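Report on one structure; see the data block that follows.
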Amino acid sequence: MKKEQYSFQFEVFDSINDLSKEDANLLQQSRAITKTAYAPYSNFFVGAVALLSNGEIVKGTNQENASFPVGICAERSLLSSTAALFPAAHILTMAISYQNKNGKSNTPVSPCGMCRQALLEHEKRYDHPIKLILSGTEGEVYVIERSSLLLPLSFTGDDLRK
Ligand code: THU
Numbered sequence: 678m679k680k681e682q683y684s685f686q687f688e689v690f691d692s693i694n695d696l697s698k699e700d701a702n703l704l705q706q707s708r709a710i711t712k713t714a715y716a717p718y719s720n721f722f723v724g725a726v727a728l729l730s731n732g733e734i735v736k737g738t739n740q741e742n743a744s745f746p747v748g749i750c751a752e753r754s755l756l757s758s759t760a761a762l763f764p765a766a767h768i769l770t771m772a773i774s775y776q777n778k779n780g781k782s783n784t785p786v787s788p789c790g791m792c793r794q795a796l797l798e799h800e801k802r803y804d805h806p807i808k809l810i811l812s813g814t815e816g817e818v819y820v821i822e823r824s825s826l827l828l829p830l831s832f833t834g835d836d837l838r839k
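Counting in my numbering, the final residue of the sequence shown is number 839, and the numbers go up one at a time with none missing.
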């Protein structure tokens, strides 16, 4: 028997002011778009904004449904739009923010497990890392250099060929 260990590093910035201009711009847009999320059931409003390899910006918000499992997260909503609008482009960076029903949040949250799997598929498909910028509407910002770091021992298309 042997033991394996998995760990990864990510950056923690005190505020949006410490980011590069490009990253700050994306985060600012993701904070702003949280307001337009459709989340009447959870009151948890998520906004995701991505910079693509062709320079375009694509946005996504969570879209809930009275039949709860039908709802979709902001990240996967964004991934779907990107694939439909710009199939030849891939995502370089995705900023994700959220607010609660009081219109606030000050701690980063990271993508749910299903979104991590979907982000991984995009990374694999285009053979390019997706940098994640995570933050509430204010406060600390986490920067993770590739989304796949959040999904160790992942299941991918390679496994289907084993
Ligand atoms: N949600 C997202 O949009 N992204 C995440 O990564 C976490 C959860 C949404 C789904 C649901 O509409 C609400 O937040 C509460 O779970």
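Using N, Cα and C, we set each Cβ at its ideal position, and we do this for glycine too.
It should be emphasised that the depicted structure is a prediction, and the values quoted were computed from it without experimental measurement.
Roughly how many angstroms lie between the CA atoms of SER692 and ILE821, to the nearest whole one?
Cα-Cα distance, rounded: 15 Å.
CB of GLY748 to nearest heavy atom of the ligand THU: below 7 Å?
For the ligand THU, at least one heavy atom lies less than 7 Å from the Cβ of GLY748.
Over the uninterrupted beta strand (DSSP E) stretch that includes LYS736, give me the two end residues.
Note, LYS736: beta strand (DSSP E), 734-738.
Hey, out of GLU752, ARG753, ALA760, TYR715, whose CA is closest to ALA743's CA?
Nearest of GLU752, ARG753, ALA760, TYR715 to ALA743, Cα basis: TYR715.
So, helix, strand or coil for LEU696, using DSSP?
Coil at LEU696, not helix or strand.
Spatial neighbours of ILE768 within its chain, please: C-beta separation below 7 Å, excluding the five flanking residues on both sides.
Same-chain partners within the cutoff: ALA727, LEU729, THR759, HIS799, ILE807.
Below 6 Å CB to CB, which residues in the same chain sit around THR784 once its five sequence neighbours on both sides are set aside?
These residues qualify, in order along the chain: GLY813.
My assumption, with CB atoms under 8 Å, is that VAL818 sits in contact with PHE690. Please give the rounded CB distance.
Correct: roughly 4 Å between the Cβ atoms.
Please state whether the Cβ-Cβ distance between ASN739 and LYS778 is less than 8 Å.
Not in contact: ASN739 and LYS778 (Cβ atoms no closer than 8 Å).
Helix or strand or just coil, what does DSSP make of SER684?
Residue state, collapsed to three classes: coil.
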